[in-house]
Amino acid sequence: MANIDYYMILGVLRTAIKNIDHKFKLIQEVYRVLSDRQRRQVYDIRHPTHGNYRNRCVEHTVYVSLRDVLRGCTKRMKVTRKLWYSVREFATESEILTIVVKRGSKSGTRMVFAGRGNHPYYSCAEDIVFVLKDRPDNRFRRHGNDIVYTARIDLVDATVDQPIAVPLPSGRTLDVSLDWPDINRLFNHRKCLILKVGLGLPDGNNAAINGDLIIECVIN
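Under full-length UniProt numbering, the sequence shown has 41 at position 41, and the numbering climbs by one with no breaks.
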């Protein structure tokens, strides 16, 4: 019994006061009806099923930046839910839920808070699901754990060994110089790719592994 969350069974918060008495009375009524075979049969006839809401959920999108994914972060989200006392009566409760965004989290990651959503009168409380989504970034494109940065440069600057200032999601700047093979590719194809190993995003399953930074150099 020590591992059972009584508050979750009742569908109320630990801080709830006025809603608990109603829940106690409702549970007593449920037990009185369902523990008696005849009363239960009458109830089943008069109250056909309203569907199984156990797996129902309310989804919210949470946008995360590349810096959030790089470092990991927590976000606090305020949610409001309805607790139905009857088919016409309900109360509202607000709660702050803390979302832990792990390093390397991928877009589409789902975080489920079971039983923290609306609580219909005839069924279990719904789940709240937060879905992570990459926030659009006008500097980088994300491909898994790799990030791509497009650097528009002047060929003259490249030939005089003028370093390219490449921003990083961490906020730092990386100075990159082109070697002659890179300059030849720029001259012949008007673009070249430079790979910086390990300067991408951490792997969500193994934070010790990082993706790469791909610098796409394009002639203006």
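No residue lacks a Cβ here, since even glycine has one placed at the ideal position from N, Cα and C.
Just so you know, these numbers come straight off a predicted model, no measurement behind them.
Beta-carbon spacing of residue i, residue j below 9 Å
i, j, result
"V69", "R110", "no"
"I99", "V58", "no"
"N206", "L199", "no"
"R190", "V218", "yes"
"N145", "L201", "yes"
"V131", "G108", "yes"
"N215", "K196", "The sequence shown places Ile at residue 215, not Asn. For I215 and K196, yes; Cβs fall inside 9 Å."
"V64", "V101", "yes"
"Y85", "Y121", "yes"
"L83", "H119", "yes"
Residue i - containing beta strand (DSSP E), residue span
i, result
"P167", "164–167"
"H60", "57–64"
"R76", "73–84"
"D175", "173–176"
Reduced DSSP category for residue i - H, G, I as helix; E, B as strand; rest coil
i, result
"R142", "strand"
"E126", "coil"
"I209", "coil"
"P202", "strand"
"L34", "helix"
"T109", "coil"
"E95", "strand"
"E89", "coil"
"residue 230", "No statement about residue 230 is possible, as the shown extent of the chain runs from 1 to 220 and does not include it."
"V42", "helix"
"A114", "coil"
"D137", "coil"
"residue 233", "Residue numbering for the chain in the displayed model covers 1 to 220; residue 233 lies beyond these limits and cannot be assessed."
"G51", "Residue confidence is low: G51 scores 49 on pLDDT, short of 50, so the model does not pin down where it sits. Its coordinate-derived value is still stated next. DSSP places G51 in coil when its eight states are reduced to three."
Own chain partners of residue i with C-beta closer than 8 Å, once the 5 adjacent residues on each side are dropped
i, result
"V140", "Just to set this straight, residue 140 is Phe in the shown sequence, not Val. These residues qualify, in order along the chain: L66, I147, V148, Y149, P169."
"F187", "L155"
Extent of the continuous alpha helix (DSSP H) to which residue i belongs
i, result
"D182", "180–189"
"V156", "155–159"
Sequence-distant residues of the same chain with beta carbon closer than 6 Å to residue i, five excluded per side
i, result
"R76", "I96, T98"
"K25", "none"
"L178", "A158"
"I27", "none"
Spatial neighbours of residue i in its chain, beta-carbon cut-off 7 Å, leaving aside the 5 residues before and after
i, result
"G117", "C57, V58, R81, A125, E126, D127, I128"
"R185", "C192"
"Q194", "Here the sequence assigns Ile to residue 194, which means Gln is not the residue at that position. Once the five neighbours on either side are set aside, the close Cβ partners of I194 are V176, D182, I215, C217."
"L34", "R40"
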